[in-house]
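Participant: Numbering (the working numbering), first residue to last: 541 to 606. Provided herewith is a single structure, encoded as structure tokens, for subsequent inquiry.
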């Protein structure tokens with residue numbers, strides 16, 4: 541949202557209020573391997589595609605909505 545006289549914040553409105561999304565891929569220890577922080581509210585499918593396209597060949601992938 542753009543505020544008068546300043547730079548706008550890259551957040552969007554959700555049911556819980558103002559928010560932004562962070563998409564991450566973590567290793568088996570929970571450490572982030574790759575992050576995607578969109579400049580605006582985007583679909584989770586777009587965030588997943590941006591991250592999965594950059595992965596090396598893998599045997600399996602587990603997803604978590606949370």
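Using N, Cα and C, we set each Cβ at its ideal position, and we do this for glycine too. All values derive from a computational prediction rather than experimental measurement.
Residue 573 and residue 565: beta carbons closer than 8 Å?
Facilitator: A contact, by the Cβ cut-off of 8 Å.
Participant: For residue 566, which beta-bridge partners are listed by DSSP?
Facilitator: Paired residues: 572.
Participant: With residue 584 as the anchor, note down where its alpha helix (DSSP H) starts and where it stops.
Facilitator: It spans 584 to 592 - the alpha helix (DSSP H) in which residue 584 sits, taken as one unbroken run.
Participant: Hey, residue 563 and residue 591 are a contact pair by Cβ (cut 8 Å); roughly how many whole angstroms apart?
Facilitator: Yes, residue 563 and residue 591 are in contact; Cβ-Cβ is about 6 Å, under 8 Å.
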